[in-house]
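Numbers 1 to 132, taken from UniProt numbering, label the letters of the sequence shown in order.
Even for Gly, the Cβ is constructed at its ideal location relative to N, Cα and C.
These notes concern the structure reproduced below.
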Amino acid sequence: MLSFKIGTNVVDASNVYEVKKILLNNIKIVDKQLKDQNVLRNVTKAAILFKRNDSDNTCYMLTKTFEETLEKILSLRDELRVMHRHLDNISRLEINLHIVRVGIEAVELGRIAEPASDFNISDLNKTFWGTF
1 MLSFKIGTNV VDASNVYEVK KILLNNIKIV DKQLKDQNVL RNVTKAAILF KRNDSDNTCY
61 MLTKTFEETL EKILSLRDEL RVMHRHLDNI SRLEINLHIV RVGIEAVELG RIAEPASDFN
121 ISDLNKTFWG TF
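What follows is the structure, encoded as structure tokens:
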């Protein structure tokens, strides 16, 4: 995996670090919004419990606000889940890019091992067991 999509945008070696920075910033923003919504949920819940015996519109409006807050919390949690999945994909991409870079450096330095057909396991066993 040397690239993947976030919506219609392609994340690859050319923009992985910028996308990661933006994504981390967005995660912080959504996380703060989620905390604010949780506070609003708790305050609204307390107000509903305090006003539950009242028969006016206040209790209805508080209940409506509470429902909307719960929907917003679920939406923000889903959004965070998706962003964390994208962050996981970015981490995998960074690992793969590092592996490719190391391979390129090895080729440039001529440190690639001999082909597998020239490899003799008995020579390795002699060397390994000869050290004990």
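Throw me the rounded Cβ distance for the residue i and residue j pair, which I believe falls under 8 angstroms.
| i | j | result |
| --- | --- | --- |
| V30 | L76 | 6 angstroms |
Just verifying my parser: in three-state terms, what is the DSSP assignment at residue i?
| i | result |
| --- | --- |
| S14 | coil |
| N9 | strand |
| G130 | Because the pLDDT of G130 is 46, which lies under 50, any placement of that residue in the model is unreliable, and the number read from its coordinates should be weighed accordingly. Coil, per DSSP. |
Cβ of residue i within 8 angstroms of Cβ of residue j?
| i | j | result |
| --- | --- | --- |
| I90 | V19 | yes |
| T63 | L40 | no |
| H86 | L23 | yes |
| F4 | L80 | no |
| K45 | F66 | yes |
Within the continuous alpha helix (DSSP H) that includes residue i, where are the two ends?
| i | result |
| --- | --- |
| D78 | N57 to L109 |
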